[in-house]
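Numbering (full-length UniProt numbering), first residue to last: 1 to 143.
Working notes, beginning with the structure itself.
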Ligand code: CMP
């Protein structure tokens, strides 16, 4: 079954959006198979965003991700990677459609509430980076 990695960023946690965000994926029909609240080490943040290490915003992105608690999650379901990206909306919240998480709650690209894996290989790598196998549960919704 397809899985994706989602992380509610420090701005989403600080603004009290955790419940709403989880609810959107639950009501869509996806299955939560792993979740933890955590503060992120600089090493983990740099590994997670390694693809952006040469970008001018890399330093501020890493500093932001380690600035406060995040909610790291693994969600499961048919087509969850693409569907989660649609529910999240465009990277820049000003371009994100109303009804998406970023479209409803965000204003700037550096404070865009949530991260979601963009492809199968990325999802697998990010799940491995953020979770030990024992932190994930095996279950499927009967709905
Ligand atoms: P995310 O989906 O977590 O993946 C990479 C992140 O880099 C992205 O969300 C944004 O938060 C951030 N990002 C992308 N482009 C910029 C930019 N031009 N300025 C600041 N942050 C950016």
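Quick reminder that beta carbons are idealized off the backbone N, C-alpha and C, glycines included.
Just curious, the alpha helix (DSSP H) that residue 37 is in, first and last residue?
-> Counting from one through the chain shown, the residue named residue 37 turns up at place 37. Unbroken run through residue 37 is the beta strand (DSSP E), 31-38; no alpha helix (DSSP H).
Spell out the partners DSSP gives residue 108 in its beta bridges.
-> Position 108 of the chain shown, counting from 1, holds the residue named residue 108. DSSP output for residue 108 lists 111 as bridge partner(s).
Which residues in the same chain as residue 62 place their Cβ atom closer than 8 Å to its Cβ, once the five residues preceding and following it in sequence are excluded?
-> Here residue 62 is taken as the residue at index 62 of the chain shown, counted from 1. So the qualifying residues of the chain are 42, 45, 46 and 49.
Which full runs of the beta strand (DSSP E) of 3+ residues lie inside the UniProt domain "Nucleoside diphosphate kinase-like" (1-138), going along the chain?
-> 3-8, 31-38, 70-76 and 114-116
Per-residue burial, residue 6 [other beta carbons within 10 Å of its own, 16 or more giving buried] = By 1-based counting over the chain shown, the position of residue 6 is 6. It is buried - the Cβ of residue 6 has at least 16 other Cβ atoms within 10 Å.
Would the C-beta of residue 112 count as close to ligand 1, meaning under 7 Å from any of its heavy atoms?
-> One-based indexing of the chain shown puts residue 112 at position 112. Within the cutoff, so yes.
Could you say which of 101, 108, 84 and 77 lies nearest to residue 92 if we only look at CA atoms?
-> Along the chain shown, read from residue 1 onward, the residue named residue 92 stands at position 92. Residue 92 has its Cα closest to that of 108, out of 101, 108, 84 and 77.
In chain order, what residues of the same chain lie with their CB nearer than 7 Å to the CB of residue 136, ignoring the 5 residues before and after it?
-> Working through the chain shown from its first residue, we reach residue 136 at position 136. Cβ within range, chain order: 33, 34 and 74.
Inter-residue spacing [alpha-carbon to alpha-carbon] between residue 158 and residue 132 = Nothing about residue 158 can be read from this structure; the chain reaches only from 1 to 143.
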